[in-house]
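Asker:
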Amino acid sequence: MEVLDYLIECGVDVSDLKHQIVKEIIYRGQLDILKFLVVNKITIRHTYRNNNSQLIFVIEKPNEQILKFLMDCGININIVDSKIEVPDLIININDKELLNILIPKYINVDMVDENGYTPLVYAVDSQNQSLMKYLLDNGADINLSNKIIEVIRLIIEQNKIDLLNYLVSNDLNVNMKDSNGNTLLVYAIQLKNETFINYLMECGSNDEQGNSILYYSIKYGNETVFKHLIDSGADTQNIEIEIMNGLKNYHNLNILKILIANHFDINREDESGKTLLSYAIQKEDETKVKDLINCGAYIRNVDREINNVLKYCHNINILKLLKNNNFDIDMRDRYGKTLLIHAIQENDLQMVKNLINCDVNVNKEDNYGNTPLDVAIESENVDIVGCLIDNGAFKNAENEYGDTPLIHAIKLGNDRMVKCLIEWGTYISDKEILKNINKEYNYDENKYAYSEINELLNNFRRKY
Numbered sequence: 003m004e005v006l007d008y009l010i011e012c013g014v015d016v017s018d019l020k021h022q023i024v025k026e027i028i029y030r031g032q033l034d035i036l037k038f039l040v041v042n043k044i045t046i047r048h049t050y051r052n053n054n055s056q057l058i059f060v061i062e063k064p065n066e067q068i069l070k071f072l073m074d075c076g077i078n079i080n081i082v083d084s085k086i087e088v089p090d091l092i093i094n095i096n097d098k099e100l101l102n103i104l105i106p107k108y109i110n111v112d113m114v115d116e117n118g119y120t121p122l123v124y125a126v127d128s129q130n131q132s133l134m135k136y137l138l139d140n141g142a143d144i145n146l147s148n149k150i151i152e153v154i155r156l157i158i159e160q161n162k163i164d165l166l167n168y169l170v171s172n173d174l175n176v177n178m179k180d181s182n183g184n185t186l187l188v189y190a191i192q193l194k195n196e197t198f199i200n201y202l203m204e205c206g207s208n209d210e211q212g213n214s215i216l217y218y219s220i221k222y223g224n225e226t227v228f229k230h231l232i233d234s235g236a237d238t239q240n241i242e243i244e245i246m247n248g249l250k251n252y253h254n255l256n257i258l259k260i261l262i263a264n265h266f267d268i269n270r271e272d273e274s275g276k277t278l279l280s281y282a283i284q285k286e287d288e289t290k291v292k293d294l295i296n297c298g299a300y301i302r303n304v305d306r307e308i309n310n311v312l313k314y315c316h317n318i319n320i321l322k323l324l325k326n327n328n329f330d331i332d333m334r335d336r337y338g339k340t341l342l343i344h345a346i347q348e349n350d351l352q353m354v355k356n357l358i359n360c361d362v363n364v365n366k367e368d369n370y371g372n373t374p375l376d377v378a379i380e381s382e383n384v385d386i387v388g389c390l391i392d393n394g395a396f397k398n399a400e401n402e403y404g405d406t407p408l409i410h411a412i413k414l415g416n417d418r419m420v421k422c423l424i425e426w427g428t429y430i431s432d433k434e435i436l437k438n439i440n441k442e443y444n445y446d447e448n449k450y451a452y453s454e455i456n457e458l459l460n461n462f463r464r465k466y
């Protein structure tokens with residue numbers, strides 16, 4: 003102190019003493035020196051760079067006397083509205099006198115930082131029950147920030163039921179949702195913690211969207227909880243639609259077996275007329291399809307819905323699995339078309355090959371008498387036509403108009419298709435028909451000459 007007094011007498015200007023020196027004085031708890039400097043016009047700034055305050059130093063090194071002195075110097079102005087990072091610092095303070103000075107006069111007990119955390123959320127995150135109590139006693143709103151749900155998840159994970167009970171006893175809303183839309187009950191089910199599940203249910207936890215705990219048990223594959231609920235008398239009949247929604251999106255064989263044992267109808271249709279098997283096929287979930295069939299999902303030869311979803315199924319194992327379980331792979335849909343014809347119309351060569359590998363009937367006609375080969379020619383897909391012929395399609399059969407595949411291609415004017423069909427051995431047995439077709443479909447009026455098809459047919463006529 004004498005040295006400072008001597009320096010000042012010698013003209014040393016302390017009016018703008020750097021904040022690092024002030025910080026050091028505060029850390030050392032040297033109140034007398036701080037007072038001496040203030041008397042000699044040291045500048046005590048409200049904030050320095052990064053918008054921090056000398057108050058931060060006091061909070062880091064709790065000193066009630068220095069804190070009161072700084073506030074008497076006016077440093078407390080606008081602390082609540084400033085960007086001072088207070089909440090995450092005060093959680094480490096166990097000095098109640100210091101907190102009493104700060105709260106609520108200078109720090110809003112419910113202030114929210116840029117992370118969405120309040121002092122209470124920080125206290126819960128640090129699991130400082132003493133600070134929780136202090137903040138709650140001073141009016142902290144336990145339900146102000148839904149970030150509290152995220153930090154309580156760790157409490158569930160660590161199985162600290164007493165801590166959750168303390169928060170619930172202080173009016174924690176157990177149905178509050180975090181930023182992901184999850185409640186504490188959802189997390190308890192996800193973590194498969196039966197103790198917390200039972201506790202939260204007793205506290206009235208539910209899902210505002212109408213989803214039951216059974217649904218979340220299905221979603222997270224929690225067999226133990228699911229069985230416990232069923233054994234405890236959970237009514238599956240009144241929430242069949244909800245269970246159906248869970249099962250079509252999530253799969254667990256053991257949960258499925260538990261439901262079936264409790265009279266759940268595995269062949270139930272939803273509002274769209276689809277069964278669980280239909281959805282499994284649509285998603286090409288081979289394991290789920292197999293499990294459903296093994297659990298009694300039946301395949302009817304009049305099952306138009308399964309036929310409908312199979313149109314887009316590229317999993318040959320599913321196709322074979324269904325066929326091996328008596329599904330009629332050649333059945334027609336409501337439009338009179340087979341799966342093979344649908345695949346051809348979609349120009350889906352791979353699907354055509356998959357169906358052929360499942361022993362589909364390559365000559366099964368639609369309701370109008372068109373064979374798959376006719377449809378392929380109409381679609382002008384040479385690759386599919388070749389695939390069908392290679393696998394036994396009748397290459398010279400007549401349709402309801404008396405046209406053979408070759409005549410059909412000629413009428414379409416597809417030179418390449420005609421050439422390929424001739425190379426693959428198709429023919430026109432009636433020479434007169436061949437002659438008429440040659441004249442009728444191949445004359446090019448613009449060039450006054452016959453087209454390439456004409457030349458092909460002339461060669462064809464000479465050959466036969």
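Using this note's numbering, count along the sequence shown one by one with no gaps and you end on 466.
For each residue, glycine too, the CB sits at the ideal point set by N, CA and C.
Just so we're clear, the structure is a prediction, and the values are computed from it rather than from any experiment.
Starting from the Cα of residue 347, find the closest Cα among 252, 244, 379 and 138 and give me that residue.
Answerer: The residue with the shortest Cα to Cα distance from residue 347 is 379.
Asker: For residue 392, which option in 406, 355 and 102 has the closest C-alpha, if you only look at C-alpha atoms?
Answerer: Minimum Cα distance to residue 392 is reached at 355.
Asker: Cβ of residue 372 within 8 Å of Cβ of residue 349?
Answerer: Their beta carbons are not under 8 Å apart, which means residue 372 does not touch residue 349 by this criterion.
Asker: So, at 7 Å on beta carbons, what are the nonlocal neighbours of residue 269 in its own chain, with the 5 sequence-adjacent residues on each side left out?
Answerer: Taken in chain order, the residues that qualify are 277, 299 and 300.
Asker: Count the CB pairs spanning the segment 153-164 and the segment 116-134 that are closer than 8 Å, and state whether there are at least three.
Answerer: With the cut-off at 8 Å, the segment 153-164 and the segment 116-134 touch.
Asker: Could you give the residue range of the alpha helix (DSSP H) that holds residue 270?
Answerer: Segment: none, residue 270 is in no alpha helix (DSSP H) and carries neither H nor E.
Asker: Using the C-alpha atoms, what's the distance from residue 287 back to residue 390?
Answerer: Approximately 28 Å, taken between the alpha carbons.
Asker: Roughly how many angstroms separate the alpha carbons of residue 163 and residue 292, rounded to a whole number?
Answerer: Between residue 163 and residue 292, the C-alpha separation is close to 41 Å.
Asker: Measuring alpha carbon to alpha carbon, tell me which of 243, 422 and 223 ends up nearest residue 191.
Answerer: Of the candidates 243, 422 and 223, the one whose C-alpha sits nearest the C-alpha of residue 191 is 223.
Asker: Helix, strand or coil, according to DSSP, for residue 297 in the structure here?
Answerer: DSSP places residue 297 in coil when its eight states are reduced to three.
Asker: With a CB to CB cut of under 8 Å and the five nearest residues on each side skipped, what residues in its chain are close to residue 418?
Answerer: Hits under 8 Å: 384.
Asker: Among the residues of its own chain, which have a CB less than 8 Å from the CB of residue 382, if the five just before and after it don't count?
Answerer: Excluding positions up to five away in sequence, the list reads 414, 416 and 419.
Asker: Pull up the CB-CB distance for residue 245 and residue 220, whole angstroms please, since I reckon it's below 8 Å.
Answerer: That belief holds up - the Cβ atoms of residue 245 and residue 220 are roughly 7 Å apart, short of 8 Å.
Asker: Grouping DSSP H, G and I as helix and E and B as strand, with all else coil, what is residue 129?
Answerer: It is coil, neither helix nor strand.
Asker: With a CB to CB cut of under 8 Å and the five nearest residues on each side skipped, what residues in its chain are close to residue 338?
Answerer: 368, 369 and 370, listed in sequence order.
Asker: If you follow the alpha helix (DSSP H) that residue 370 is part of, which residue opens it and which one closes it?
Answerer: Element bounds for residue 370: n/a, residue is neither H nor E.
Asker: What does a CB cutoff of less than 8 Å around residue 323 pick up in its chain, not counting 5 residues either side in sequence?
Answerer: Excluding residues within five positions, the ones whose Cβ falls inside 8 Å are 288, 291, 292 and 295.
Asker: Between which two residues does the alpha helix (DSSP H) containing residue 228 stretch?
Answerer: Looking at the DSSP string, the run of the alpha helix (DSSP H) that includes residue 228 is 225-233.
Asker: Can you tell me the Cα-Cα spacing of residue 357 and residue 330, whole angstroms?
Answerer: Residue 357 and residue 330: Cα-Cα distance of roughly 12 Å.
Asker: Helix, strand or coil, according to DSSP, for residue 333 in the structure here?
Answerer: If DSSP states are grouped into helix, strand and coil, residue 333 belongs with coil.
Asker: What is the rounded straight-line gap between the Cα of residue 172 and the Cα of residue 165?
Answerer: Each residue's alpha carbon lies about 11 Å from the other.
Asker: By the 10 Å Cβ neighbour count, where 16 or more other Cβ atoms means buried, how is residue 152 classified, buried or exposed?
Answerer: By the neighbour-count rule (16 or more Cβ atoms within 10 Å), residue 152 is buried.
Asker: Quick check: the Cα distance between residue 101 and residue 136, rounded to an integer number of angstroms?
Answerer: Looking at the two C-alpha atoms, the distance is approximately 9 Å.
Asker: Please specify which runs of the alpha helix (DSSP H), each continuous and at least 4 residues long, are wholly inside the segment 341-401, giving them in chain order.
Answerer: For the segment 341-401, whole alpha helix (DSSP H) runs of length 4 or above, ordered along the chain, are 341-347, 351-359, 374-380 and 384-392.
Asker: Within 10 Å of its beta-carbon, does residue 404 have 16 or more other beta-carbons around it, so buried, or fewer, so exposed?
Answerer: Classification of residue 404: exposed, given that the 10 Å Cβ count is below 16.
Asker: Excluding the five sequence neighbours on either side, which residues of its own chain have a C-beta within less than 7 Å of the C-beta of residue 111, listed in chain order?
Answerer: So the list reads 105, 121, 137, 140, 141 and 142, once near-sequence residues are dropped.
Asker: When DSSP labels each residue in this structure, what does residue 149 get in the three-state scheme?
Answerer: DSSP places residue 149 in helix when its eight states are reduced to three.
Asker: Specify the secondary structure class of residue 315 as computed by DSSP and reduced to three states.
Answerer: Coil.
Asker: Quick one: what's got a C-beta closer than 6 Å to residue 261's C-beta in the same chain, skipping five residues either side?
Answerer: The answer is none, since no qualifying residue turns up.
Asker: Look up residue 310 in the DSSP assignment and say whether it is helix, strand or coil.
Answerer: Three-state result, residue 310: helix.
Asker: Quick check on residue 445: does DSSP put it in helix, strand or coil?
Answerer: In this prediction, residue 445 scores a pLDDT of 46, lower than 50, which makes its location untrustworthy; no coordinate-derived value is stated.
Asker: With a cut-off of 8 Å on the beta carbons, I'd call residue 315 and residue 283 a contact; round off their distance for me.
Answerer: With 8 Å as the limit, residue 315 and residue 283 qualify as a contact, their Cβ atoms being about 6 Å apart.
Asker: Among the residues of its own chain, which have a CB less than 8 Å from the CB of residue 258, if the five just before and after it don't count?
Answerer: The residues are 249, 268, 293, 294 and 297.
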